[in-house]
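Working notes for the structure below.
Residue numbers (my numbering): 2 to 415.
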């Protein structure tokens, strides 16, 4: 059974899972996905209701004076997450579709099965249909309104934190099939990322906006854009892509604190938080861009950042903790999304850092502690050992599937 509290989870010292265990977990997950379909619920469902949006707006305006307004939503999400089934519609999430697509391409490579490749192709068609028109190229965002500290982000606003995943998905499908239309999709996406996401000069580089017209300086947004455009330059040879990627890369490097940490954003919050998943996003983007651009300074920043990450974003028992400092914790003890990103990061960094033990531990935890008999994963463990078993495609399920598929492919090839 799952450990209910972080301080007792260390009693379960998972060993490296066998290939058969990982394969069985993936097969169970795919069977669940076939039954459930690609539409579902999300971490932000309750906060995307009219009341959730208004209460967050008041909280950001008035601070703790508005705590009674947000508390009912936070408590419902903690104690009765299944209530969203009565209050909220199901939606389809492009970020999840992109991760599922990449996962199926990985399973196709591992198993040599045309069935998995066919599922990837179906997801590509769904992504083509769901893109947001009106920009330099296809783009994707959230299918709901979202109230942040900086304002209301309307549904179907293109986001630089979502669209690059679709770029990666089309590139991987192109590499698997040789079909030129997928390369054309990737080229169009790169044009959106290059031309419609604004840059704000900052020190030696430029900060990428979160969306068209946005001038905030969210650090993971620049890491996403740097990685996407660096990969696009390597694939398509457009010099402007490289210039923009290098400028965003410099910004990310310059925002690293002496400790090795990156706050979520520059000057945007009264208490810049450092959390698990966004640290993973920054490290992944920085590393991917550094490898394409041959940037030694960026690789050194990754090494410092990873040292901070391991020292501050894991409990003493070696399991991921959601926050290192600050943030709206909302009773969280353990988060599926963090486990998935820890595995993705460990697999990515293996050529330069000794991350295999972390990859093995995360794969073991996901397959042996987090997967439920139905096939999906527990979404979150909260204070009091309360487990949220409502599967959120965008918030952890798709990322965990893709990470385990990548881990499985590596084990099979080795």
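Don't be surprised by glycine CBs; every beta carbon is placed ideally from N, CA and C.
Remember, predicted model here, so these are calculated numbers, not experimental data.
Option nearest residue i by Cα separation, candidates the options
i           : options               : result
residue 79  : 136, 185, 276 and 384 : 384
residue 401 : 375, 335 and 367      : 367
residue 95  : 145, 378 and 64       : 145
residue 43  : 381, 295, 387 and 413 : 381
residue 386 : 339, 245 and 335      : 335
residue 158 : 211, 122 and 118      : 211
residue 220 : 62, 206 and 128       : 206
residue 189 : 168, 175, 297 and 200 : 168
residue 52  : 17, 264 and 147       : 147
residue 399 : 25, 18, 21 and 31     : 31
residue 353 : 415, 18 and 284       : 284
residue 123 : 38, 215 and 268       : 38
residue 174 : 202, 117, 152 and 223 : 117
residue 170 : 19, 232, 266 and 151  : 232
residue 389 : 241, 83, 355 and 240  : 83
residue 156 : 133, 303 and 314      : 133
residue 87  : 50, 64, 65 and 70     : 50
residue 223 : 153, 238, 65 and 202  : 202
Contact check, residue i vs residue j, beta carbons under 8 Å
i           : j           : result
residue 93  : residue 131 : yes
residue 409 : residue 350 : no
residue 213 : residue 276 : no
residue 280 : residue 310 : yes
residue 341 : residue 404 : yes
residue 160 : residue 142 : yes
residue 333 : residue 274 : no
residue 29  : residue 376 : yes
residue 227 : residue 246 : yes
residue 140 : residue 164 : yes
residue 305 : residue 256 : no
residue 364 : residue 81  : no
residue 187 : residue 236 : yes
residue 369 : residue 378 : no
residue 191 : residue 128 : no
residue 57  : residue 48  : yes
Close Cβ partners of residue i (< 7 Å) along its chain, the five nearest in sequence each way excluded
i           : result
residue 1   : Residue 1 cannot be examined here, being either before or after the span of the chain that is shown, 2 to 415.
residue 40  : 91, 92 and 93
residue 55  : none
residue 278 : 338, 339 and 342
residue 33  : 375, 376 and 377
residue 137 : 192, 193, 196 and 197
residue 248 : 200, 206 and 207
residue 217 : 151, 210, 211, 266 and 269
Simplified DSSP state of residue i, which is helix, strand or coil
i           : result
residue 334 : strand
residue 223 : helix
residue 316 : coil
residue 206 : strand
residue 199 : coil
residue 94  : coil
residue 423 : Outside the modelled stretch of the chain, which goes from 2 to 415, sits residue 423, for which no answer is possible.
residue 48  : helix
residue 260 : coil
residue 159 : strand
residue 141 : coil
residue 17  : coil
residue 281 : helix
residue 276 : strand
residue 321 : strand
residue 136 : coil
residue 251 : helix
residue 40  : strand
heavy atom of the ligand COA below 7 Å from residue i C-beta
i           : result
residue 183 : Absence of the ligand COA from the depicted structure is noted, as is the absence of any ligand whatsoever, leaving it without description.
6 Å CB neighbourhood of residue i in its chain, flanking five on each side removed
i           : result
residue 67  : 59 and 60
residue 46  : 85 and 89
residue 374 : none
residue 261 : 305, 306, 308 and 309
residue 345 : 404
residue 416 : Only positions 2 to 415 of the chain appear in this structure, which leaves residue 416 out of reach.
Other residues of its chain near residue i: CB distance less than 8 Å, five sequence neighbours each side excluded
i           : result
residue 357 : 347 and 351
residue 114 : 108
residue 225 : 161, 162, 165, 209, 282 and 286
residue 411 : 348
Short CB-CB distance (under 8 Å) between residue i and chain D
i           : result
residue 100 : Here there is only one protein chain, and chain D is not present.
If contact is defined by three or more beta carbon pairs under 8 Å, each pair taking one atom from either stretch, is the region 388–399 in contact with the region 80–100? Cβ pair count under 8 Å is three or more, so yes.
Any contact between the region 194–210 and the region 176–186? By contact I mean 3 or more CB pairs, one from each, below 8 Å. no
If you pair each beta-carbon of the region 107–114 with each one of the region 68–78, do three or more pairs fall below 8 Å? no
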